[in-house]
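Novice: Below you'll find the structure I mean.
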Amino acid sequence: MEAQYSNNKTPILFVIILATSAIGQGTRVGFYRTTCPRAEIIVQSVVQSFVNSNTTIAPGLLRMFFHDCFVRGCDASILLDGSYGEKTAPPNNRLRGFEVIDAAKSQLETICPGVVSCADILALAARDSVVQSGGFWWEVRTGRRDGLVSRKSDATNLPGRKDSIEVQIKKFAEKGLNIQDLVTLTGGHTIGTAACELFCYRLYNFNSTNGPDPAINQTFLPHLRSLCPEGGDDANRVDLDTGSVHKFDISYYENLKNGRGILESDSQLWNDPRTQRFVEWFLGGSREQQSKFSVEFGKSMVRLGDVGVKTGDEGEIRRVCYAIN
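Position one of the sequence shown corresponds to residue 10 (the numbering used here), numbered consecutively onward.
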């Protein structure tokens with residue numbers, strides 16, 4: 010079945026100048042410059058307020074944008090309520106930050122009713138969550154319209170925690186994204202956590218054996234087992250980037266190299282030469298390496314943000330992000 014729907018804690022330190030012209034999708038930088046000039050400022054302010062109160066909001070918004078774009082394109086269909094909508098799919102039931110989008114939309118509807126799409130708010134909020142976590146700022150092309158369909162079954166196409174490198178590459182390629190985009194965007198796991206139930210199988214009886222996943226550093230294994238004991242609480246959460254969970258930096262890639270990747274799909278990035286070379290590209294503790302990652306992350310996010318966008322007469326501008334107009 011399917012649900013159908015119609016009708017200043019962290020300063021900006023660096024500015025990444027990216028292409029400002031739309032590439033065939035009808036989006037552009039500054040789309041709301043005349044129709045709602047304060048749109049981006051309002052979204053930024055709302056995100057900043059929520060992240061200042063709860064740092065877990067930042068990775069939540071980033072994941073939400075990624076999950077939205079990979080299912081039916083970047084059309085905010087993930088925000089729609091409904092028993093059979095994307096929001097109810099297993100990969101999405103742990104997402105957080107929906108209240109941030111609703112708060113930003115509410116403010117925008119007060120000053121620019123029916124102008125700013127939920128899809129654009131989500132794209133802007135993802136960027137601003139990265140900035141609030143110490144990453145670089147990038148130009149977001151806007152002008153998306155909101156989708157009318159949200160299906161739980163479509164979320165099965167999302168990249169999964171057990172996907173092989175071959176499957177990951179294929180899923181990204183289907184969205185027009187290359188191997189570099191795969192490694193770069195997965196680097197978003199530098200912030201956020203994962204529940205034990207998503208990876209604890211790696212710690213004890215991996216692949217029907219009596220031992221752990223050999224890809225896990227054996228000196229790191231006791232630490233993970235202490236956080237996720239066998240038979241313990243599967244809801245316990247573990248940092249995806251050990252030692253740097255709230256900071257948008259390149260330590261995530263160092264952890265992959267050292268056998269400290271938490272998700273199986275993440276750890277495989279180091280074990281396949283097609284992806285390892287891009288992990289190596291970001292390795293090193295220098296300011297230059299950090300800058301390289303942030304710049305490339307912004308570029309990949311722009312490409313992700315072009316996936317399946319609706320513009321012109323497609324879709325609609327929802328007045329409430331989680332419900333039909």
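Yeah, the Cβ is synthetic: ideal placement off N, Cα and C, and Gly gets one too.
Spatial neighbours of Ile-188 within its chain, please: C-beta separation below 8 Å, excluding the five flanking residues on both sides.
Specialist: So the qualifying residues of the chain are Ile-178, Phe-181, Arg-283, Thr-284 and Phe-287.
Novice: Assess, as a yes-or-no matter, whether the region 40–60 is touched by the region 112–128 under the definition of 3 or more beta carbon pairs within less than 8 Å.
Specialist: As far as the Cβ criterion goes, the region 112–128 touches the region 40–60, which means the pair count is three or higher.
Novice: Along the chain, where does the alpha helix (DSSP H) that runs through Ala-204 open and close?
Specialist: Segment 202–204 is the beta strand (DSSP E) holding Ala-204; no alpha helix (DSSP H) there.
Novice: Measure the C-alpha to C-alpha separation of Gly-324 and Lys-184 and round it to an integer number of angstroms.
Specialist: For Gly-324 and Lys-184, the distance between alpha carbons rounds to 20 Å.
Novice: Checking 9 Å against the spacing of the C-beta atoms, do Cys-127 and Asp-315 come in under that value?
Specialist: Cβ distance not < 9 Å, so Cys-127 and Asp-315 don't count as in contact.
Novice: Per DSSP, what are the beta-bridge partners of Lys-319 in this structure?
Specialist: Answer by DSSP bridge pairing, in chain order: Arg-154.
Novice: I want to see whether chain C comes within less than 9 Å of Asn-219, judged by CB atoms only; does it?
Specialist: Given the protein chain composition of this structure (a single chain), no chain C is represented.
Novice: Are the beta-carbon atoms belonging to Thr-199 and Tyr-261 less than 9 Å from one another?
Specialist: Against a cut-off of 9 Å, the Cβ pair of Tyr-261 and Thr-199 comes out as a contact.
Novice: Mind pulling the beta strand (DSSP E) runs of 3 or more residues that sit fully within the region 179–213?
Specialist: Qualifying beta strand (DSSP E) stretches, in chain order: 202–204.
Novice: Quick check on the DSSP output: the alpha helix (DSSP H) that includes Asp-77 runs from which residue to which?
Specialist: 66–78 is the extent of the alpha helix (DSSP H) around Asp-77.
Novice: Suppose the cutoff is 7 Å on Cβ atoms and the five residues either side in sequence are ignored; what does the same chain contact list for Gly-257 look like?
Specialist: Before going further, note that residue 257 is Phe rather than Gly in the sequence given. For Phe-257, where only same-chain residues beyond five positions count, the Cβ hits under 7 Å are Val-139, Ser-142, Gly-143, Gly-144, Thr-199 and Ile-200.
Novice: Spell out the partners DSSP gives Glu-108 in its beta bridges.
Specialist: In DSSP, Glu-108 forms no bridge with anything.
Novice: Going straight from the alpha carbon of Leu-131 to that of Ile-110, what length do you get?
Specialist: Using only the alpha carbons, I get a separation of about 7 Å.
Novice: What separation, rounded to the nearest whole angstrom, lies between the Cα atoms of Asn-226 and Asp-163?
Specialist: Their backbone Cα atoms lie some 35 Å apart in a straight line.
Novice: Please report the straight-line C-alpha distance between Lys-301 and Ala-134, rounded to a whole angstrom.
Specialist: Spanning the two alpha carbons is a distance of roughly 22 Å.
Novice: Determine the extent of the beta strand (DSSP E) in which Asp-248 is found, giving its start and end residues.
Specialist: 246–248 is the extent of the beta strand (DSSP E) around Asp-248.
Novice: Along the chain, where does the alpha helix (DSSP H) containing Asn-280 start, and where does it finish?
Specialist: Asn-280 -> alpha helix (DSSP H) spans 273–280.
Novice: I'd like to know if the region 202–214 and the region 234–252 are in contact, where contact means that at least 3 CB-CB pairs between them fall below 8 Å.
Specialist: Judged by Cβ distances under 8 Å, the region 202–214 makes contact with the region 234–252, as three or more pairs qualify.
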